[in-house]
Amino acid sequence: MNKPDQPVITYDMDPVLMAVLANRLNAIVREMSNTLLRTARSAVLAVVRDFSCSLVTADNQLLCPGEGLPVHIFGSALQSQSMCDTHKDLAPGDAFLHNDPYMGNTHPADHMIMCPVFVDGVHLFTTCAKAHQADCGNSIPSTYHAYARDIYEEGALIFPCVRVQKDYKDVDDIIRMCKRRIRVPEQWYGDYLATVGAARIGERRLVELTRRYGIETIQQFVRDWFAYSEKRMEEAIRELPAGRLENVTVYDPLPPVLPDGLPIKVAVDIDPAAGRIEVDLTDNPDNLDFGLNESVACATSNALCGVFNCLDPDVPHNEGSFRRLSVKLREGCVIGIPEFPHSCSMATTNIGDRIVNATQAAFAEIGEGHGLAEGAVGMGAGAAVISGRDWRLGGSPYINQEWLVVNGGPATPETDGWLNYGLPVAAGLMYRGSVEVDESKYPMLFKSLRVVAGGGGAGRFRGAPGAEVIYGPRNDPMTVVVSCDGQVNPPRGVRGGHNGPAAATYKVGADGSEEKLPGVVECRLGPGEWVRGVDAGGGGYGSPLERDPARVLKDVLERWETVERARDVYGVVLSGSADDDSLAVDAAATTARRAELAATVA
Amino acid sequence: MPYRISVDTGGTFTDVVVTDERGRFTVGKALTDKRRAFASIEAGLAVAAEELGLGVAGLLAESAMFVYGTTRGTNGIVERKTARTAFLTTQGFPDILLLKEGGKAEPHNLRMEYPDPYVARRLTFEVPERINAEGGVETPLDEDAVRALLATLAERQVEAVAVCLLWSIANPAHELRVGELIEQALPGVPYTLSHQLNPILREYRRASSTAIDASLKPLMQEYLTTLEADLRAAGYRNDILVSTSFGGVMHLHDVVQKPIYLVKSGPAMAPVAGLAYVSAESLAEDIIVCDAGGTTFDVSLVRDGEVEFSRDTWLGPAWTGDNLGMASVAVHSIGAGGGSIAWVDPGGLLRVGPHSAGSEPGPACYGRGGDEPTVTDAAVVLGYIDPAHVLGGRMPLDEDAAKRVVGRLAETLGESVERAAFAIMAVANENMIEAIKELTINEGINPAESTLVAGGGAGGLNIVPIAAELGCRTVLVPRTAGALSASGMQFSDIVTEAGASKLTATDQFDFEGVNAALADIDARLDTFGTRLTERGFTDLRKRYFVEARYRFQVWELEIEVGASRFESPADVEALVEAFHQMHDRVFAITDPGQAVECLNWRGRLVANVKAPTLEPSRAGRTEHADPDRRRPAYFGQGLVETPIYLGEHLGTDVVIDGPAIIEEPTSTLVVNPGASARVSAGGRYILTPPAEGQV
């Protein structure tokens, strides 16, 4: 807490008022998010929170990211910039729909709504609400099209920052286009209303705030808040050693486009003297004919996210702290600036997740106490897009992305991995779906959903395990589109920590026979057939032989680990039984066992 | 039988409030004895009894009613000191309590330990059975497997059993049968069935409330039964009522059946007190109630004269704590109070909290080894708290220590010690303002049109600037601010609830199904009502609610339905209209023409308990008041000589303009410059803050 000899830092604004206004902005973003969550229709938004709200200044600097998904937010300013570039006649009452990944958006399934905020005729802010759609008009019934050779095959309706409201009323031309091409249009329109509602609530509150304090004060606040955030970032970087960190992680094979997978290279230059960090992503292959190319927003955000995961989480995440960071990208690179018409259908997740992992794991090279292991990747069966018809509602169609994955989080230098991690780009922020809600809304039945014992990468701190989920249709066929990674190259441990187990997907026939499915697959299930998905687990941090035996004991008691893995992986020998509460660590046998295992490793 | 007694047993203090037949309040406070509730009740009663010129036995013998609230249940849950509970759930889904609903705070902080589930996984058991969304049986219940499992529970010395099977709300047959088998195999072991306790959709919330309820049964049954025996032994002969999460009271014997109702037992009474005081003063009945203690700041709401409920209550932090899963009075708590520590972050910005000096070592001015500047230290430096007059001089404070620690912080900030202290108060206020806004915004209440009620020992220190910032024009501070929840119990009704789950939509409304669900609710309420009538409570009212949403939406809003039967399409139309209005109020949008889906139905029975009439608690009128003394105090513009008044010397109608400080035995009220305080005819302080932003 209070350190002696802390230097006095001064700002033009009263620092108390600065703290007050920073709080006010956070409260506005929270209110926007609450509005979107509670009014959205699709489960992917209303249950799972796959959306984010943020505030940007009129000169296009990210001001307040709230607690949304970093991948959604860090590029908000790119999109508001394109709003200013394409529309010279911005006026109160405008709202813009922007899902163009070549103009600053993440990927086409993320519909961004932006409202310019005016006070006394001056454009001061832009409110941003971005929501992942249940459907975006793709050529396949999924918002993720891994095999799309280009944007034409991908098929999403693209809105390169178009005016969707004027004078606070819908531009009906745009609404009709969406309703024609997006599956289950009423669900889309409900989600659209929720998103616009969020942006409008933000607009209303920002106008009130500005009237309350005056334009001058608010503008002074913005300058000082950025200065403060930059200062915090500079201080955080100064505590790191200088050096260049390099890391490669390999994305799973995706035949025929990627027969051997895709190595993803990340280089991080830390310059504590200058208080700067640069992430270089240029040493990667050219754009490929698939849907996994990164957009500028995603490549940048995911690299920044990996860095922020390794610094003091109290540092504000906005344009001020971004001034101390840079991400080097190259034109026509699969992880960089996408060359049109290469598809960015899946830019937020898959390769994006690998960038976060590679970056945060690179920091572990600095030494003990730094960086993180890799977290679980892959949207397996628990995160599939399901579609079909519901006999209970007269055969009406449905489509939605499930979110019943667990996907184990990465071990850290001081804790085990977070269980409900989801993905590196979501980092535990998204909510889970509910079996009962899903079964009431869609004609499906879950057979089981359980966390896998021994499902996390072992280590001094272990990765969190994933889950196994089994579900299928009831009376009518169901299409399941899975876009999984991490089935061949699982999340890696760091500093002697073990890798997490790989993910897997199986089709289970009516007779119980199992067929292993590829990572990315569109699978049609008839009644009586099931899909079984196993999540990846997070990587471990440090050697499992150094794990506190008391933690291993608790892991076995609480079914995180098995007695066998305790003995063979952690070198902890247990006596007694969990069933009668007599399980205990055999200290002498453990010492011997650990020595034996250490010799084998050496 | 002139007296009514209410008691609130908190973690640190037990508050006792006694009213007589003229509505006069007497307050007693004692340290909480964690082993036996009655020990501290007796100590508190002794203080009050002495003021009334009675002994404890005499007071109890002369009392018509005893109302009790306790945080014992909540503390048991948070500290995991409840019964050894087993969790039984559908085969294949053992991790409902572990996985919760996902979500976490702090996007870039992964160095957090994932929380343990409410029931350990080693005490979680899977029951072979499965029911589907429409109530059909997918897999029949394997009774032999259940018997084998129950034999294991007996061996494992389980003290309580929670049963939550998927879709038991659509077809309870399997849960009911498991209940019968438990009674056979584990006679005397308390258990809870999810569809009986809390018939709602969403397996985590239902399972969580079931597990909490079952785990509390042994503990709370013993605790309350002992209390009853102690009270009877001490000579008390009348009704013993217990305060519940519904902001009402229930008879002790009813509440031990569903101890989950005790979870917000104390704090749920603060808004009840707020409503009673505000009604007595005929002020605006949208009310924000703040209760500021040493370590927590609680906010609750009253809207249009109705205490606000929430269905989303977490014990512990949101997402990672335990969800109550059922409606309770909405109480938003933040860890902020007099003990919150002020610090300067590496960017040079002043922060207050989340670290707290607590009560041990406490603020530096307590002189018990605290060496970090706290909010209480700032209040001493500013002259708001007179070090020689705390608790009537029984607890002298170390002013120099406060100045030393705040002074150190002032140097870091490059400010004077008073300005630094003022900044600490301002930042602390900000945390509280944010907590109030969070709740009011989520519930669609405009603070500017509401009355603010301040309670708690620290509530009066900063209520004026908080009110000014929120735009509140009227603030009420009761003289018994220090015992707000116990005071609320004096005014609370008997409230009980019954629920049923019935999914339907307004465009294909299932009249028969809904009416059957409502009839079932009615029948359960009537059984309860009959018992109340037999006990002499005759003023009964029933109300009905439904949780509903637009088709395709996922989250529900609760709306009131007019009657317990839907007779015609017009009744359904009225429900749709009420839903549109509620949606518009909360979210500022509607979707006209869209069908409304109805899920969970709820009935509430309210039995009026004759509350004390609120008579003036002042000796008489005073034209003007004389200060007890003057001290320098700081309000942002240099030290000013500020009059200090003793509350007991102020009569009705006197108006005190700020800057001024009013001292009551258990609290201090700061009247900032530009604000004024009037003593109402009812003896309460009514403050008018300066216009927005003037403080």
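If you read the sequences in order, they're chains C and F. Just so we're aligned, residue 1344 is where the first sequence starts under the numbering used here, counting upward by one. Just so we're aligned, residue 81 is where the second sequence starts under the numbering used here, counting upward by one. Where a beta carbon is used, it is the ideal one built from N, C-alpha and C, also for glycine. Everything numeric in this text was worked out from a predicted model, so none of it was measured.
Determine the DSSP secondary structure at residue i, reduced to helix, strand or coil.
| i | result |
| --- | --- |
| I280 of chain F | coil |
| N1627 of chain C | coil |
| N1832 of chain C | coil |
| P476 of chain F | coil |
| L429 of chain F | coil |
| M569 of chain F | helix |
| R1867 of chain C | strand |
| S1638 of chain C | coil |
Hey, is residue i's beta-carbon within less than 8 Å of any beta-carbon in chain F?
| i | result |
| --- | --- |
| G1771 of chain C | yes |
| S1423 of chain C | no |
| G1533 of chain C | yes |
| G1752 of chain C | yes |
| G1871 of chain C | no |
| F1651 of chain C | yes |
| R1867 of chain C | no |
| I1352 of chain C | yes |
| W1761 of chain C | yes |
| R1775 of chain C | yes |
Does the beta carbon of residue i come closer than 8 Å to any beta carbon on chain C?
| i | result |
| --- | --- |
| K517 of chain F | yes |
| M406 of chain F | no |
| P397 of chain F | no |
| R282 of chain F | yes |
| F617 of chain F | no |
| E218 of chain F | yes |
| S248 of chain F | no |
| Y725 of chain F | no |
For residue i, tell me which candidate among the options has the shortest Cα-Cα distance.
| i | options | result |
| --- | --- | --- |
| L1380 of chain C | F:D706, F:Q661, F:Q633, F:I639 | F:Q633 |
| Q1508 of chain C | C:A1646, C:V1527, C:A1585, C:C1458 | C:C1458 |
| R1908 of chain C | C:G1797, C:P1844, C:A1847 | C:G1797 |
| N542 of chain F | F:K622, F:A458, F:R499, F:D619 | F:A458 |
| E361 of chain F | F:Y714, F:V557, F:A675, F:F608 | F:V557 |
| P1844 of chain C | C:E1865, C:T1449, C:D1453, C:E1811 | C:E1811 |
| T618 of chain F | F:Y624, F:F625, F:G609 | F:G609 |
| H188 of chain F | C:P1820, C:L1888, C:A1769, C:L1917 | C:A1769 |
Classify residue i: buried if its beta carbon has 16 or more other beta carbons within 10 angstroms, exposed otherwise.
| i | result |
| --- | --- |
| T92 of chain F | exposed |
| S295 of chain F | buried |
| T232 of chain F | exposed |
| G215 of chain F | exposed |
| F1683 of chain C | exposed |
| S496 of chain F | exposed |
| S581 of chain F | buried |
| S390 of chain F | buried |
| P220 of chain F | exposed |
| K297 of chain F | buried |
| E777 of chain F | It is not possible to answer for residue 777 of chain F, since the shown part of chain F is limited to 81 through 775. |
| request: Determine which residues of the region 197 to 212 of chain F have a Cβ less than 7 Å from any Cβ of chain C, and write them out in chain order. | output: A200, R201, R202, N212
| field | Residues of the region 333 to 353 of chain F whose Cβ lies closer than 7 Å to any Cβ of chain C, in chain order | value | none
| Mind listing which residues of the region 499 to 515 of chain F have their C-beta closer than 7 Å to chain C's C-betas, in chain order? | A503, A506, V507, E510, E514
| task | Give, in chain order, every residue of the region 1374 to 1390 of chain C whose Cβ lies closer than 9 Å to some Cβ of chain F. | result | E1374, N1377, T1378, L1380, R1381, T1382, A1383, R1384, S1385, A1386, L1388, A1389, V1390
| request: Identify each residue in the region 171 to 191 of chain F for which the Cβ-Cβ distance to at least one residue of chain C is less than 8 Å, and report them in chain order. | output: Those would be Q171, G172, F173, P174, D175, L178, L179, K180, E181, G182, G183, K184, A185, E186, P187, H188, N189, L190, R191, in chain order.
| request: Could you list the residues in the region 664 to 675 of chain F with a C-beta less than 9 Å from some C-beta on chain C, going in chain order? | output: V666, F667, A668, I669, D671, Q674
| task | Could you name the residues of the region 253 to 274 of chain F whose beta carbon sits closer than 8 Å to any beta carbon of chain C, in the order they occur along the chain? | result | none
| query | Of the residues that make up the region 1355 to 1367 of chain C, which ones have a beta carbon closer than 8 Å to any beta carbon in chain F? | reply | P1358, V1359, M1361, A1362, V1363, N1366
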